[in-house]
Amino acid sequence: MPRIDIDWLADHVEVPAGLTAQQLARDLVKVGLEEEEIHRPDVSGPIVVGKVLTVSKEKQTNGKTINYSRVDVGEHNDAPGEGKEPADVASRGIVCGAHNYEVGDYVVVSLPGAVLPGDFQISARKTYGHVSDGMICSERELGLGEDHSGIIVLASSDAEAADKGLPAIGEDVLDYLGLSGEVLEINVTPDRGYCFAMRGVAREYAHSTGAAFTDRGLAENLAGGLPEVNGKGFKVKVDDDSPIHGVPGCDRFVTRIVRGVDPHAPSPKWLQDRLTAAGMRPISLAVDATNYVMLDLGQPLHAYDLDKLVEPIVVRRARPGETLVTLDDQERALDGEDLVITDSEGGEGERVIGLAGTMGGLDTEITADTTNVLIEAAHFDAVSVARMARKHKLPSEASKRFERGVDPAVAPVAAQRVADLLVEYGGGTIDEANFDFNETVAPSAQVFDTREVARLTGLDLPKAEITGVLEQIGCAVADAGDDLLEVTPPSWRPDLVGPAHFVEEVTRLVGYDEVASKLPAASAGEGLTTAQRHRRDIGRALAEQGWVEVLSYPFVAGSVFDRQQISDDDERRLAVRLSNPLQDDAPYMRTSILDSLLDTARMNVARGNPTVAIFEAGLVTRPAGIQPATTPGVGARPSDAELAQMFAGIPAQPHHVAGVATPTVTERVAGFAAQVWDWRDAIEAVKTAGRTIDLDLKVKAAERAPFHPGRCAALSVGKKLIGHAGELDPRVCKAFDLPARTVAFEFDVDALIAARGSAALSILPVLTSPAAKEDIALVVDDSTTAAAVANTIRDAAGALLEDVHLFDVYTGDQIPEGKKSLAFALRLRADHTLNAEEIAQVRNKVVKACAKAFGAELRS
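All letters in the sequence shown, in the order written, are residues 1 to 860 by the numbering used here.
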């Protein structure tokens with residue numbers, strides 16, 4: 001995010017004396033630039049200019065040589081003979097391990113009471129046999145850079161100190177070092193890329209406050225003006241035969257040549273201070289000048305070593321097999337979508353020298369021996385740059401600006417500004433020959449109906465006021481009659497492409513506070529869909545049963561399938577892997593809710609929750625059957641075939657509900673025993689969900705991980721499997737650190753609702769006739785489940801059966817080995833009082849059906 005130094009801002013717009021970063025933030029937020037952070041210096045206290053009076057080198061017993069120096073710090077000196085150590089003149093004694101300073105040098109001295117970055121507090125202390133009454137500082141100790149090899153030498157003589165404008169000896173040096181001011185960091189939305197430059201922020205400050213603004217991006221505001229383009233400079237060609245979305249990769253490329261630059265000339269201090277305040281590290285004059293102008297005007301620039309180039313430069317798409325070693329010393333493989341800069345067109349030495357708008361190549365970089373510099377100021381296609389930056393993982397300062405939109409008109413001004421800096425501070429000479437490849441197209445006029453302002457925002461503004469606001473942001477406005485205006489956006493606002501954008505600009509500058517808060521009228525409709533109502537009803541029903549709803553992350557580790565004892569051939573192991581996961585150890589989309597819910601239950605237990613009964617409703621991802629799909633371009637709506645291919649590449653994402661409960665779900669309190677749940681409660685949760693939408697689920701024994709092989713039930717509607725419930729496998733409980741006999745369930749809500757269909761809920765009649773009760777005890781094989789027998793009883797008894805439940809299981813005397821007795825209580829009812837014959841018919845049907853299905857016999 002851009003960092004705004006107030007002194008730098010003042011180069012573009014009038015700012016009041018004493019403007020603080022807080023007030024600047026308040027002014028900018030009015031026009032939509034939000035404060036991100038205010039950066040304050042990490043240093044405080046007495047940090048002053050000192051002059052070295054004496055240097056005594058002393059070798060220590062550990063082999064290290066230190067310097068003991070007397071330093072003149074003006075009014076902070078100890079009096080002669082009265083200091084912490086004897087001295088002939090007023091000064092302070094300081095121990096220093098660096099050796100790059102001499103008597104007469106001006107240095108930075110932190111006195112006792114000062115605080116340096118990292119909360120490093122300076123105090124007088126005895127070391128190496130002396131009292132060190134302060135510290136002579138290096139760059140790293142002050143947070144100015146990483147150099148810790150030697151201390152900062154501000155000047156080597158009185159004359160140099162005067163030339164550099166150093167503060168007097170003993171005076172505060174923080175302001176001179178650029179460490180005393182505040183810097184405001186702002187947040188810029190993607191559509192306002194022009195605010196990544198001081199020029200753009202200053203313009204917005206002028207909009208907010210009415211301050212006078214000077215556009216330093218215009219040629220008339222250059223000190224020496226722009227030279228006439230003669231076409232004799234370093235030539236550039238653009239050969240883009242594969243433009244993305246029909247837009248050429250480059251429509252402007254300006255080159256300027258500066259010869260005879262002193263390669264050892266340092267950047268001026270004010271420039272280094274501004275780069276540091278902006279969060280960039282000063283490197284060399286040529287590089288610093290391009291970075292500075294980029295931050296100032298918003299135009300990314302690049303400096304080449306002219307002597308390493310062969311004319312002409314060609315901008316084209318990369319060819320198969322081409323590579324580039326970028327400035328970060330990484331070799332990058334290129335392909336046909338990469339927009340590259342090359343030289344030596346068609347020659348034997350033709351090579352790629354840069355990724356356009358992203359990063360330059362190592363072969364032509366500026367070095368400590370560079371004396372002749374070629375300056376590049378170009379305008380590249382935003383989509384091409386954005387794709388390259390993401391593909392090669394190179395989010396540079398240049399790409400950040402190009403992909404948001406750069407003013408194509410500012411390129412020659414920016415190049416000239418860099419050239420002027422190299423001449424002024426590097427002693428170079430600007431070559432009269434210059435080149436400007438320019439095929440830019442000026443923004444076209446758009447017809448704007450001013451009534452759109454009132455329609456979209458409710459602001460009732462006169463046409464003249466709307467015209468004034470649009471002109472204020474740089475648009476050319478002509479009256480088109482009635483309520484219409486003909487508006488031509490400025491070159492630096494590529495985001496203004498329709499009426500809604502003009503409305504937004506008018507509203508932004510008039511003030512969002514002026515927009516009345518007005519609730520829109522609700523449109524007529526049916527409200528929630530049937531499926532949405534069913535999902536909410538099911539969730540509410542489970543909550544009323546005592547289950548607590550939670551929300552877990554849908555991203556899981558691959559090990560979760562092993563921990564659930566899921567077999568290798570299970571479809572749930574086929575999971576979508578994210579290419580850029582939030583956590584490297586959880587890169588998969590869950591294929592069941594239990595994948596993530598079991599860990600949620602584990603965390604509750606681990607953090608001391610003694611009673612856990614949780615459920616979650618959400619989506620799972622099932623990628624089986626998906627087809628590979630290509631990403632269509634952004635220039636036009638995809639064709640029906642492309643859309644079909646894209647949809648075929650999207651995995652199924654059904655709604656599921658799952659729950660996990662520890663055996664104890666309520667603790668014992670006075671007068672009440674603890675409530676304990678087992679596998680039957682998990683099954684009942686799924687059956688409750690079915691009953692909520694008027695479905696009666698059938699239960700049968702099943703085997704499915706992560707459930708106990710003998711305590712798992714499958715629940716279905718007809719032949720449609722809905723879900724599973726039961727007790728968790730002991731190995732799963734151990735893997736997730738859950739109590740033994742923890743229960744769980746999971747079912748497919750979409751399948752449940754689909755089974756319900758769109759039919760209306762059936763309302764059972766209220767019968768006033770008495771119920772008839774009949775008990776039946778059946779002897780069956782020990783492997784026969786009670787649920788299977790109960791299902792057969794329901795089918796056989798028919799409409800007269802109101803309820804059936806198992807009330808006794810018996811094995812022992814009178815029951816053959818390998819058998820068991822299941823006793824069921826049947827409740828029968830009709831619209832009349834049932835007689836003995838009708839009851840007997842039901843009983844006989846039930847006994848015959850069970851005998852046929854299970855070989856069951858009535859227990860005598």
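C-beta: ideal position from N, C-alpha, C; glycine also. Since we're looking at a predicted model, the values are computed, not measured.
*Starting from Phe615, follow the beta strand (DSSP E) in both directions and report where the run begins and ends.*
Taken as a continuous stretch (DSSP letters only), the beta strand (DSSP E) holding Phe615 covers Ala613 to Leu619.
*Go ahead and pull the three-state DSSP assignment for Gly539.*
helix
*Along the chain, where does the beta strand (DSSP E) that runs through Ser56 open and close?*
Ile47 to Lys59
_Ser384, DSSP secondary structure in three states_ = The answer is helix: DSSP assigns Ser384 an H, G or I state.
_Sequence-distant residues of its chain with Cβ nearer than 7 Å to Leu421 (five each side left out)_ = Within the same chain, Leu421 has close Cβ partners Ala289.
_C-alpha distance - Asp795 paired with Val634, whole-angstrom precision_ = 59 Å
*What runs of the alpha helix (DSSP H), each 4 residues or longer, lie entirely inside the region 679 to 741?*
679 to 692 and 730 to 735
*Cut-off 7 Å between Cβ atoms - residues of its own chain near Pro553, not counting five sequence neighbours on either side*: Correcting the residue identity first, residue 553 is Tyr in this sequence and not Pro. The residues are Ser596.
*Quick one: residues in its chain with C-beta nearer than 8 Å to the C-beta of Glu452, no 5 flanking neighbours on either side, listed in chain order?*
Pro499, Ala500, Phe502 and Val503
*Extent of the continuous beta strand (DSSP E) to which Ser110 belongs*: Tyr106 to Ser110
*Cβ-based neighbour list, Glu228, same chain, cut-off 7 Å, excluding 5 preceding and 5 following*: Answer for Glu228: no residue qualifies.
*With distances taken between CB atoms, is the gap from Leu826 to Val804 smaller than 9 Å?*
yes
*If you draw a straight line from the C-alpha of Ile650 to the C-alpha of Met589, how long is it?*
13 Å
*Confirm, please, whether the CB-CB distance from Arg216 to Asp296 is below 9 Å.*
yes
*In angstroms with no decimal places, state the Cα-to-Cα distance between Gly426 and Ala411.*
22 Å
*Answer yes if the region 385 to 399 comes into contact with the region 478 to 489, meaning at least three C-beta pairs across the two stretches below 8 Å, and no otherwise.*
Between the region 478 to 489 and the region 385 to 399 there are fewer than three inter-stretch CB-CB distances shorter than 8 Å, so the stretches are not counted as touching.
*Can you name the start and end residues of the beta strand (DSSP E) that Arg316 belongs to?*
Ile313 to Arg317
*From which residue to which residue does the alpha helix (DSSP H) around Gly93 run?*
First-last for Gly93: Arg92 to Cys96, but that is the beta strand (DSSP E), not the alpha helix (DSSP H).
_Backbone secondary structure at His392 - three-state DSSP_ = coil
*Taking the C-alpha atoms as reference points, what is the distance between Ile430 and Ala10?*
28 Å
*Separation of Ala382 from Asn609, as counted between CA atoms*: Roughly 54 Å separates the two Cα atoms.
*State the CB to CB distance for the pair Cys250 and Asp240, rounded to an integer number of angstroms; the pair is presumed to be in contact (CB under 8 Å).*
7 Å
*In angstroms with no decimal places, state the Cα-to-Cα distance between Leu218 and Phe437.*
19 Å
*Is the distance from the Cβ of Gly723 to the Cβ of Glu703 below 9 Å?*
no
*Check whether the region 272 to 282 touches the region 301 to 308, counting contact only when three or more Cβ pairs, one atom from each stretch, lie closer than 8 Å.*
The region 272 to 282 is not in contact with the region 301 to 308.
*Among residues of its own chain, excluding the 5 on either side of Val847, which ones have a beta-carbon nearer than 8 Å to its beta-carbon?*
Ile776, Leu778, Ala856 and Leu858
*Under the three-state reduction of DSSP, which class applies to Gly498: helix, strand or coil?*
coil
*Since Lys845 is in the beta strand (DSSP E), which residue starts that stretch and which ends it?*
Where Lys845 is concerned, there is no enclosing beta strand (DSSP E), although the alpha helix (DSSP H) it sits in stretches over Ala836 to Phe854.
*asked:* Suppose the cutoff is 8 Å on Cβ atoms and the five residues either side in sequence are ignored; what does the same chain contact list for Ser208 look like?
replied: Hits under 8 Å: Asp27, Leu28, Lys30 and Val31.
_Under 9 Å between C-beta atoms of Arg256 and Val418_ = yes
_Straight-line Cα distance separating Glu182 from Pro41_ = 7 Å
_Beta-carbon spacing of Leu594, Ala658 below 9 Å_ = yes
_Candidates Val314, Leu456, His99 and Thr358: closest to Thr864 by CA position_ = Outside the shown range of the chain (1 to 860) lies residue 864, about which nothing can therefore be said.
*asked:* Taking the straight line between their C-alpha atoms, what separation do you get for Gly336 and Arg317?
replied: Between Gly336 and Arg317, the C-alpha separation is close to 6 Å.
_The alpha helix (DSSP H) that contains His207, what's its start and end?_
Met198 to Thr209
*Note down, in chain order, each residue of its chain lying with its Cβ closer than 7 Å to the Cβ of Arg319, except the 5 sequence neighbours on either side.*
Result list for Arg319: empty, nothing under 7 Å.
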